[in-house]
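In the numbering used here, the protein residues as written are 3 to 154.
Each residue gets a CB set at the ideal place from its N, CA and C atoms; glycine is no exception.
Keep in mind it's a predicted model, so treat the numbers as computed, not measured.
Each remark here refers to the structure printed beneath this line.
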């Protein structure tokens, strides 16, 4: 299961990917667009900055912006940044969790399912998500300098 933190981090990155890459945006503005508590946005921004995905500058003229290529950021990467390895069950996340996993038909089916999910999450990127949001809004991803492209 994907945590709210990972889900919100993905939304923050997709929002920034749909905006002008040269500008900084207030965390408060990003929080409002996706109804994310501001204190949680601050925590997520700190983690995303440490991971090298965004840049954050404090102060009245500061804010956040995406610095990594959104086409190179997979959803799996973001999920694992916040939640650790993707796993449907404890026995798939922790190989030593169950002694019967080699002979368990449930384990085998879930393992195959998990491999498909991981492959899909690896293939899907923040750019893909930003473009999908933009199609919903009828706007293109790369706007004019200074243009705000909302993802709602």
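Query raised in the report: If we call anything under 7 Å between Cβ atoms a contact, is residue 136 one with residue 65?
Result: Here residue 136 is taken as the residue at index 134 of the chain shown, counted from 1. Here residue 65 is taken as the residue at index 63 of the chain shown, counted from 1. No, these two residues do not count as a Cβ contact at 7 Å.
Report task. Under 8 Å by Cβ, that's how I've got residue 76 and residue 9 pegged, so tell me the actual separation to the nearest angstrom. Result -> Locating residue 76 in the chain shown gives position 74, counting from the first residue. Locating residue 9 in the chain shown gives position 7, counting from the first residue. Rounded, the Cβ-Cβ distance is 15 Å, inconsistent with contact.
Query raised in the report: Does the separation of the CB atoms of residue 131 and residue 16 fall below 7 Å?
Result: If you number the chain shown from 1, residue 131 lands on position 129. If you number the chain shown from 1, residue 16 lands on position 14. Result yes, Cβ atoms of residue 131 and residue 16 sit closer than 7 Å.
Requested in this report: Please check the pair residue 12 and residue 88, which I expect to be a contact at CB under 8 Å, by giving their CB distance rounded to whole angstroms.
Outcome: By one-based count along the chain shown, residue 12 stands at place 10. By one-based count along the chain shown, residue 88 stands at place 86. Rounded, the Cβ-Cβ distance is 13 Å, inconsistent with contact.
Report task. Closer than 8 Å by C-beta to residue 148: which residues in its own chain qualify, once you throw out the five before and the five after it? Chain order, please. Result -> Here residue 148 refers to the residue found at position 146 when the chain shown is read from its first residue. Annotation note: pLDDT 43 at residue 148 (below 50); position unreliable, coordinate value reported separately. If we look at residue 148 and ignore the five residues flanking it on each side, its Cβ neighbours are 22, 25.
Query raised in the report: Should residue 128 go down as buried or exposed, given a rule of 16 or more other Cβ atoms within 10 Å for buried?
Result: Within the chain shown, numbered from 1, the residue matching residue 128 stands at position 126. Counting Cβ neighbours within 10 Å, residue 128 comes out buried, since at least 16 surround it.
Query - Contact check, residue 94 vs residue 116, beta carbons under 7 Å - result: Residue mapping note: residue 94 aligns to position 92 of the chain shown, counting from 1. Residue mapping note: residue 116 aligns to position 114 of the chain shown, counting from 1. Contact flag set, yes.
Query - Rounded separation between residue 1 and residue 74 - CA only - result: Because the chain here runs from 3 to 154, residue 1 falls outside it and cannot be looked at.
Report task. Scan the segment 44-79 and note each continuous beta strand (DSSP E) run of 3 residues or more that stays entirely inside, going in chain order. Result -> 56-59, 65-68
Report task. Return helix, strand or coil for residue 99, following the three-state DSSP convention. Result -> For the purposes of this step, residue 99 is taken as the residue at position 97 of the chain shown. Of the three classes helix, strand and coil, the one that applies to residue 99 here is coil, per DSSP.
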